[in-house]
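Heads up: the sequence shown is residues 1 to 107, going by the UniProt record's numbering. Below you'll find the structure, written out as structure tokens, and then a few comments.
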Amino acid sequence: MDDFLASQVQGAFQTREPSLPGTGGITNAEQARRVAEEFEAVFLAQLVEQMMGESTQSEMFGGGAGESAFRGMLNEEYAKVMARAGGIGLADDLAREILRLQEAGAR
């Protein structure tokens, strides 16, 4: 994993407010994997949004207020499914890095 991504992940952990619920730290591989998979899904959603663009709109059924309102949600669901199915491998590296940073912080 490159140093830039590692520094971004580490910075995110350092800026977390401990008083917020659910931010007590990631303590096991399952939690790290879940968080990494969620991050990968957000990343993939951005890629899907760019990929889909306006080129996938059908003149007969596409467009309108309904499509503009729900297209983003559909892209997010596509991304979540892709991330759960293995994604592009980003979640694996992120989970390892999250655990490494947690272990380093515990020392």
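Note that CB positions come from ideal geometry on N, CA and C, so glycine has one too.
{"Query": "With a cut-off of 8 Å on the beta carbons, I'd call Ala95 and Arg33 a contact; round off their distance for me.", "Result": "5 Å"}
{"Query": "Applying the 10 Å Cβ sphere with the 16-neighbour rule, what's the burial state of Leu74?", "Result": "exposed"}
{"Query": "Taking the alpha helix (DSSP H) that Gly86 belongs to, which residues open and close that run?", "Result": "From DSSP, Gly86 is part of no alpha helix (DSSP H); its letter is neither H nor E."}
{"Query": "Can you say whether Ala104 is buried or exposed, counting buried as having 16 or more other CB atoms within 10 angstroms of its CB?", "Result": "exposed"}
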